[in-house]
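Chemist: One structure is given below, represented as structure tokens, and several questions about it will come after.
Number of protein chains: 2
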Amino acid sequence: MSASKRDELVQKALKAFYRGGFHALGMDKLAKETGVSKTAIYKHFRTKEDLILATLRLRDEQFRNWLMRRVAAHASEPKGQLIAIFDALREWFEESDFRSCMFIKASSEYQDRTNPIHVTAAEHKRLLLLYFTELAEKAGSKDPDSLARELLVIKEGAIVLAHLFDPEDVARDARRTAERILQAEFNCG
Amino acid sequence: MSASKRDELVQKALKAFYRGGFHALGMDKLAKETGVSKTAIYKHFRTKEDLILATLRLRDEQFRNWLMRRVAAHASEPKGQLIAIFDALREWFEESDFRSCMFIKASSEYQDRTNPIHVTAAEHKRLLLLYFTELAEKAGSKDPDSLARELLVIKEGAIVLAHLFDPEDVARDARRTAERILQAEFNCG
DNA sequence: CCGAACGTTAACTGATCGGTTAATGTGTGA
DNA sequence: TCACACATTAACCGATCAGTTAACGTTCGG
Chain D
0 MSASKRDELV
10 QKALKAFYRG
20 GFHALGMDKL
30 AKETGVSKTA
40 IYKHFRTKED
50 LILATLRLRD
60 EQFRNWLMRR
70 VAAHASEPKG
80 QLIAIFDALR
90 EWFEESDFRS
100 CMFIKASSEY
110 QDRTNPIHVT
120 AAEHKRLLLL
130 YFTELAEKAG
140 SKDPDSLARE
150 LLVIKEGAIV
160 LAHLFDPEDV
170 ARDARRTAER
180 ILQAEFNCG
Chain S
0 MSASKRDELV
10 QKALKAFYRG
20 GFHALGMDKL
30 AKETGVSKTA
40 IYKHFRTKED
50 LILATLRLRD
60 EQFRNWLMRR
70 VAAHASEPKG
80 QLIAIFDALR
90 EWFEESDFRS
100 CMFIKASSEY
110 QDRTNPIHVT
120 AAEHKRLLLL
130 YFTELAEKAG
140 SKDPDSLARE
150 LLVIKEGAIV
160 LAHLFDPEDV
170 ARDARRTAER
180 ILQAEFNCG
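Structure, rendered in structure tokens:
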């Protein structure tokens, strides 16, 4: 299997796990859905867990790149970009196949904090936090770490609720919440 | 099985599913962990799903009652009670067996919005939202619905992150976020 | 034209899945 | 003391689980 074929497999497995869940989707079904035989899958991934970890690494890269692009597209100034996070979220929520966050689901199914899948999910959130912190610094926040953590809390809450309630409503609520936080940060200080 | 025995089973199953996950915990293991034979379990629950739904209904009642009690214990005035939500959250996060929210996990494993388990999870959040709205009304909010939704976003985000990061830190961040929201709501209007 | 290197299908392992059945206690009330 | 309602254990069902193996193409460079 060439490197690109392997990437194709991981990409297809990502979508399949996202739709089907990690425990709920067996390897036979996965082989059928990806169009790659079980034999070939196990040639390049020792275990199901290894494959899941590969899909999570891909998703991390994909999502953060996508978010940064969309944020940049929505606003050019750092302060506006902090709000634009939630405009991007709204776009995500409105995608027809939105099904919450891959990493929240992963950490729900693999709860043990020492589990590699759980650890990978935490790393993803940590990288997002880093990105938020950089934006907060550029925006001139007096406490960019705290501000970033607050915005991350809002983002994660929005994702969970968008999966349960009306995604558009939730996106609007989250954006308004962020606006208030930023107003407190920059105009009432 | 008497009604109280049945309640005992549901209570034990609740703990077992919370620790083990829904798909990951099979019925044989569940029988062993609860001390109730599989035969007896299936005498009173048609399917595993029915048992899960019973555990979720119990958890909904348990959690909302607990939250209301803790909020009342932390503050007597409505405005203070809105903040006290996050003091209660902190207490929850610090419990040694905290493993995120049962309903977030349930909706992660049963993603289909028409699935009864998913629906039950959404109902739980809806009831929490109702409680928040009542508090916001009593506190004199001009838009109690919006305020309640914002606080719910913060609460859900805090739960997710408390499961991935340091629970104490996250509780502090969430409380501070809520404080800012309330300040914007009541002092800057 | 040959032989790796890659893929496939399909059968197989032992374990476990959700759920059922049969045989066997056991405690309580009439 | 009898009988019934309740529990138990343990075996069983067919399906599926993660993972392995064997036999059989296909492709492509030397």
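Quick note, the sequences are listed as chains D and S, same order. Terminal number for the first sequence in numbering that gives the first Met the number 0: 188, no gaps in between. Terminal number for the second sequence in numbering that gives the first Met the number 0: 188, no gaps in between. We put the beta carbon where it would ideally sit given N, CA and C, even for glycine.
1. Can you look up Glu227 (chain S) in the DSSP assignment and give me helix, strand or coil?
2. Lys4 (chain D) lies in the alpha helix (DSSP H); which residues open and close that run?
3. Which residues in the same chain have their Cβ closer than 7 angstroms to the Cβ of Arg5 (chain D), if we skip the five residues on either side of it in sequence?
4. For chain S, find out if any of its Cβ atoms is closer than 8 angstroms to the Cβ of Lys14 (chain D); answer yes or no.
5. Say whether chain D places a C-beta atom closer than 8 angstroms to the C-beta of Glu149 (chain S).
6. Quick check: the Cα distance between Thr226 (chain D) and Ser107 (chain S), rounded to an integer number of angstroms?
7. Check distances from the C-beta atoms of the segment 106-139 of chain D to those of chain S and list, in chain order, the residues that come in under 7 angstroms.
8. Can you grab the Cα-Cα spacing for the pair Ala178 (chain S) / Gln80 (chain S), in whole Å?
9. Taking the runs of the alpha helix (DSSP H) that are 4 residues or longer, which of them lie wholly in the segment 108-138 of chain D?
10. Does any residue of chain D bring its CB to less than 8 angstroms from the CB of Val70 (chain S)?
11. Would the segment 58-69 of chain D count as touching the segment 84-102 of chain D if we require 3 or more Cβ pairs under 8 angstroms?
12. Determine the chain D residues that contact Gly25 (chain S) at a beta-carbon separation under 9 angstroms, and present them in chain order.
13. Here's the rule I'm using: 16 or more other beta-carbon atoms within 10 Å means buried, otherwise exposed. How should Asp172 (chain D) be labelled?
14. Compare the C-alpha of Phe131 (chain D) against each of D:Ile82, D:Glu167, D:Met101, D:Ile51 and name the closest.
15. Count the other CB atoms, across all protein chains shown, that sit within 10 Å of the CB of Leu129 (chain S); report buried if there are 16 or more and exposed otherwise.
Modeler: According to the structure shown:
1. Limits of chain S in this structure are 0 at one end and 188 at the other, which puts residue 227 (chain S) out of reach.
2. Position 5 of the first sequence, counting from 1, holds the residue named residue 4 (chain D). Segment 2-19, the alpha helix (DSSP H) holding Lys4 (chain D).
3. Working through the first sequence from its first residue, we reach residue 5 (chain D) at position 6. His43, listed in sequence order.
4. As a working mapping, residue 14 (chain D) is identified with position 15 in the first sequence. It does not; no Cβ of chain S falls within 8 angstroms.
5. Indexing the second sequence from 1 puts residue 149 (chain S) at position 150. Chain D, which has a Cβ nearer than 8 angstroms to the Cβ of Glu149 (chain S), makes this yes.
6. Since the first residue of chain D shown is 0 and the last is 188, residue 226 (chain D) is not available in this structure.
7. Ser106, Ser107, Glu108, Gln110, Ala120, Ala121, Lys124
8. In the second sequence, the residue the question calls residue 178 (chain S) occupies position 179. In the second sequence, the residue the question calls residue 80 (chain S) occupies position 81. Reading off the sequence, residue 178 (chain S) comes out as Glu, not Ala. Their Cα atoms are separated by approximately 11 angstroms.
9. 115-137
10. The count along the second sequence starts at 1 and reaches residue 70 (chain S) at position 71. So, not an interface residue.
11. yes
12. Stepping through the second sequence from its first residue, residue 25 (chain S) is reached at position 26. Within chain D, no residue comes near Gly25 (chain S); the closest Cβ sits about 11 angstroms away, beyond 9 angstroms.
13. Taking the first residue of the first sequence as position 1, residue 172 (chain D) is located at position 173. Buried, by the Cβ-count rule.
14. Here residue 131 (chain D) corresponds to residue number 132 of the first sequence, with the count starting at 1. Ranking D:Ile82, D:Glu167, D:Met101, D:Ile51 by Cα distance to Phe131 (chain D) puts D:Ile82 first.
15. For the purposes of this step, residue 129 (chain S) is taken as the residue at position 130 of the second sequence. Under this definition Leu129 (chain S) is an exposed residue.
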